[in-house]
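A short worksheet on the structure shown next.
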Amino acid sequence: RGAALPDAPPLSGAAAPRTAPGEWTVLATDGHPLAEPLAERLRAAGLGGGVLLCLPTDCDEEHVALMLSAARAALAPSAPAARFVAVGDRRGAAGLAKTLHLEAPSVATTVVTLPLHVPDTGHLASRVVADVAATTGFSEVHYDAEGVRRVPVLRALAPEAAEPGPLPLAPDDVVLVTGGGKGITAECALDLARGSGCAIGLLGRSDPETDRELAANLGRMAAAGVRFRYVRADVTSPGDVKAAVQRVREDLGPVTAVLHGAGRNEPRALADLDEAGFRRTLAVKIAGLEAVLAAVDPAELRLLVTFGSIIGRAGLRGEADYAVANDWMTDLVARLREDLPGCRCVALEWSVWAGAGMGERLGVLESLIREGIAPIPADDGIAMLRHVLADPETPDTLVVMGSTSGLPTLSLGQPDLPLRRFTERVRVHVPGVELVADSELSAATDPYLADHLLDGVLLLPAVLGMEAMAQAAAALTGRDTPPVLERAEFLRPVAVPPDGATTIRVAVLTTGPGTVRAVIRSGETDFRADHFRADLRYGPREPLPEGPPVPPGVAPALDPARDMYGPVLFQGTRFQRLAGYRHLAAKECVAEITTRADLPWFAGYLPSGLVLADPGTRDALMHTIQACVPDATLLPVGVARLHLADPEAASRTDRVVLHARERSRDGDTYVYDLDVRDERGDLVERWEGLELRAVRKLDGYGPWEPALLAPYLERRLEAVLPAPVRCAVLPGSAEGVEARRARTAHALGQALGRPVTLRHRPDGRPEIDDGPAVSASHGAGVTFAVAAERVVACDVQSVDERSAADWEGLLGAEGFALARLLVADRGEDLSLAASRVWGAVECLRKNGHARVELTVDAAPAEERWVVLRSGGARIATVAALLRDAPRPALFAVMTEGNG
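Residue numbers (this note's numbering): 1 to 899.
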C-alpha cells in the first residue's frame, strides 16, 4: 500500500500517574537551548528517572557518539529509570529511539521533533514534559514554529480510479542506479528500462566475474535489449562516483535520472552497535547520495528516486543505525526538493520484499513475518514504483508496505469504528486499507441461528454472512450506502454447535477505487480457509435496467405456512417471509415476500444496526426458489452480482415481489437471476447468477403437495422426453363437463403462467388460440394439465390393486404382456406396471391413435420412470404419492415427434 504522511489533528495527552522523583541523565550538545529547561522540569515532574537526549538542528554523523551514549545509558543494567526522551529538529534520533523501545519495551520512549530556536523555551519545555508524562509505552509528537502540536500518522492513499499514464522516461534518458545489479533496485531498473527504453548506468562494488547473481542479472538486461553499463565504484567515495558517472556519460549519455538504492544493513543490537559501524551505514545512504548528486549535472537531472526503508519510520530490533540512515535520507530528499526545482524528488520507504531485497539476503524474512510485517511480492513492488512514477499527482514521500501489526512505533491512525455486531473485536485495522475483526457466534448471542438449523447443526445464513462482510467493509471505507456485491462465494458452511460457540473472522481489504475484497473465516477451520468471500463495490447508485416482464401468473394452491415451511423448507420464524406464489414452474416463479421483521437478530446487549436491508427478506428471496426444485434442499454457493436494495427504501414497503428465472443447470447446480420489485412494481434489487446446489435429494415418490409435484414433473420430463413440457397439478375434483373444463383452464393457466381461454374440439380435446398444444386429465383426486410446443397428451389415475385377470381384461393380451415384462425387468408391483401401460394407452387414445402398439423404450436416466413408445410417440410414466392419498397416482405424459 502506498501511504501518505499527513499529520493527525492535535491530540491532548492525559498525564500518567506521578511517581517518586528520579535521576535524569542528560546528553546534549553544548549550548542546546532546551537541554537545561527540559532537564529541570523533568526532574521536578515526579515521573521517575530516565535519559534525555537533545540533538542540534544540524545533527549529522558527528553526533553518532552522543546518540549511542544516550542509548547505552538507557539500556544499562544500572539505568536509573525506564524512560528515554529524544528531542531534536527534523534530522534527529527518532529511528534510534524507536529501535531502542522495540529492543527494550519496558523503556517508555518519547520522540519530540520541534524547532529549537523559539523565544519561550520554558513554555515549550513544559509542553514536552507533558508529552513525556503522557507516555506509557511509546509516543512521537511534532511541534511547528507556531507551537501547534501534532502526532505523525500514516494515512493510506486512495487507489487511483484510472490507470497511470506513461513513465516519465524516454529512450534518450539515462538512469544512474546505485546499489549494484542485484536485489530490488536491479529488478526495478530492468523494469523501467523495459517500460520506457531508457538506458541504465549501474554503480556497484561487486565484480561480475566472481559474483554469479550479478552476472546473471547483467545477462538478463542484455537479453532484454537494455542499453546499460555496469561500473564498479564505492558509492561513499566521491572520487569513485565522479569517475563512474563520467564513464556512464561517455558510454550512454548525460544522466537525467537517479535511482539511489545503495544501502548497508548489518543488524546488530544497540548494546553491541559501535560508532564506526553506525557511520558506515549512514555513509552509504547520505554521503553516497550527496556524492552522486555532486557528480551529475543538476541542470540535466529531471528525476530523483531514493529507496529507503519503513525501518526509518518505525525502527526495528537490531536496526538502529539503518533506521537513522533511512530517516535522514528521507529528510535529505525533502530538502533537495527546494534545491532542485526542476527535478521531481521521490522518497520511497519500502517494507521488506519477498523474492528480492535485503530481507531475503539477510535471511530475516521469516522473522519479519513473525513480527507482523507482511513482505511485498516483487512484482507488486515493481508495479507500485511504475505507478508512482507515472502519476505526478502521487505524493513524493511514500511508505510502501504490506500488512503490518505489532509495531507500536508506527501510527496508522485508528478512528473510532461504528458499533456493529460483526466488528466486535478488531484484530487489525489499517484505515482505508484493511480491517480484520472477530465475533463469537452462539445461539444466545445470535438467535437467528436457531431459525437456521439444518440436520441438527446451526448454520450461519449466507445473508448474515453478507451482512457481516458489509459491516466490516462499511467500517473500513466509511461508506454508508449499500455496495454492489460481486463474485460472492459461500464455499464452506459456518457451523455453530447448538450448545457452544464459534468465532468467525471477517477480513476486508481495499483492492481498488471503491472496491473491497471480503472474506469470512471460522475458528472451526483454525481460520485457515475462506468460508464466505465477496467483492463489494461502492459508487454512485445507478438505475437498474428493466428485466423481462413478470408473468401475470395463476396462483397455485399452495399455503407456504402449511405446505412449505417444515415439509420443504427448514428455515425458522425469522426467515419465514414467503407469503405466497403468483406463479410457479420448474424454471421460473413469481412470489410475494413480506419484509417486516418482528424478532431481533442479535442479543439485546449487542449492537442491533444492520448495514444491508432485512436479512430475513433476502433469505426468503433465495429459499423461495426451493419450490422450483422441490425434491432436494437448495443451498446457496455463490452470486455473480447482487445489486442490493437501499435499506431505507426497503423499510418503507411491507412486501416485495420476486421474479426468479433459471439461467442454467449443471447437474446439481442451478443458476438463477432474480428481480425484486416493490409494491408499485419498481425494480429495487437484482441478483445476477445466484448459484444454488441441491443437497439432501429425495427419491421423488412423495408424499407430495400437488402444486409442488408439478415443477418436479417438469424437470424429470425434460430428462426423459424430447421436448419440454409445462405441467400443473391442481388438487380436488369436480363433476360434470363444465366444472371439469373450468378446472382444466385453471390448471393450464398455472402451467403457462397466465390466464387462458380454452376452446374444445368436437372430440373434447382442449385448445388455446395461438398457444401451445395442451391436454388435461382428471383422476386420483387432482386435475393434471400439460402444455408443449408439439403434440402432447397426459393421463392421471390412482394405482389401484387389481388381480392379474382384471388387468388382462383391461389391457388386452398385448398390453398385459408388456406389463408382465415391466414386472420382470424392474421387479415392481403388477398393478403399478399395468397402470403405466394403461396410462400410456389413454394418452395415445386422446391423440386419436386407433392402433396401440407399445414397446419399452431404453431405460431412462431418471429412476422410478418408465418410458414406453408407440411409433413416433413417447410416453413417460411415474408413480407418486399425493398428500393424504391412500394410494399412489400414476402420471403419464406423451409427446410426439423426433428430437
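Ideal placement from N, C-alpha and C gives every residue a C-beta, glycine not left out.
Between the C-alpha atoms of Ala751 and Val676 there is a straight-line separation of about 22 Å.
Leu658 is positioned such that its CB atom lies closer than 8 Å to that of Leu674. Here the alpha carbon of Tyr581 sits roughly 29 Å from the alpha carbon of Arg864.
The beta carbon of Pro545 sits closer than 8 Å to none of the beta carbons in its chain outside the five residues before and after it. Under DSSP, Glu486 shares a beta bridge with Asp535 and Arg641. DSSP places Thr477 outside any beta strand (DSSP E); the residue lies instead in the alpha helix (DSSP H), whose first and last residues are Ala462 to Thr477. Pairing Asp331 with Arg91 gives a Cβ-Cβ distance under 8 Å. With respect to Leu698, Ala632 sits close: the two C-beta atoms are nearer than 8 Å. The way I'd put it, the region 841 to 848 doesn't touch the region 679 to 687; fewer than three beta-carbon pairs between them come closer than 8 Å.
In the structure shown, His452 falls within a coil segment according to DSSP collapsed to helix, strand and coil. Taking 4 residues as the minimum length, the alpha helix (DSSP H) runs contained wholly in the region 569 to 654 are 615 to 623 and 647 to 650, in order along the chain.
The region 418 to 427 makes no contact with the region 488 to 497: fewer than 3 CB pairs, one atom from each, lie closer than 8 Å.
Sequence-distant partners of Leu822 (beyond 5 residues in either direction) whose C-beta falls short of 6 Å from its own C-beta, in its chain, are Ala833. In this structure, the CA atom of Met384 is about 27 Å from the CA atom of Val506.
Within its own chain, the residues whose Cβ lies closer than 6 Å to the Cβ of Ala557, once the five positions on either side in sequence are excluded, are Ala707 and Pro731, listed in chain order. Every unbroken stretch of the beta strand (DSSP E) spanning 3 or more residues and falling wholly within the region 784 to 854 is given here in chain order: 792 to 798.
Annotated as proximal: Gly749 and Val756, with beta-carbon spacing under 8 Å. Shown here, Cys59 sits in coil according to DSSP, grouped into three states, outside any helix or strand. When secondary structure is reduced to three states using DSSP, Ser664 falls in the strand class. His760 sits in a strand when the DSSP states are folded into three classes.
Restricted to the region 695 to 750, the beta strand (DSSP E) segments that are unbroken, complete and at least 3 residues in length are 726 to 731, listed in chain order. Rounded to the nearest whole angstrom, the C-alpha separation of Lys98 and Ala299 is 38 Å.
Cβ-Cβ distances below 8 Å link Ala390 to Pro164, Gly165, Pro166, Leu167 and Pro168 in the same chain, with the five nearest sequence neighbours on each side left out; the list follows chain order. Taking a 10 Å sphere around the C-beta of Ser664, we find fewer than 16 other C-beta atoms and assign the residue as exposed.
Per DSSP, Val132 lies in no beta strand (DSSP E) segment; the continuous alpha helix (DSSP H) that holds it begins and ends at Thr121 to Ala134.
In this structure, Val516 sits near Leu536, with a CB-CB distance shorter than 8 Å. Contiguous beta strand (DSSP E) elements confined to the region 414 to 449 occur at 425 to 430 and 434 to 442, taking only those with 3 or more residues.
Contact fails between the region 728 to 748 and the region 800 to 818, because fewer than three Cβ pairs, one in each stretch, are under 8 Å apart.
The alpha-carbon separation between Val837 and Ala787 amounts to approximately 22 Å. Counting only the Cα atoms, Gly689 lies some 13 Å from Val484. For Asp673, the enclosing beta strand (DSSP E) begins and ends at Thr669 to Arg677.
Scanning its chain for C-beta atoms nearer than 6 Å, with the 5 sequence neighbours on each side dropped, one finds around Gly122 the residues Pro37, in chain order.
Residue pairing of Arg517 in beta bridges, as defined by DSSP: Leu509 and Asp535. Leu599 counts as exposed, since fewer than 16 other beta carbons sit within 10 angstroms of its beta carbon.
Counting along the chain, Met894 sits inside the beta strand (DSSP E) bounded by residues Ala889 to Glu896. Here Leu621 is not near Ala880, since their CB atoms are 8 Å or more apart.
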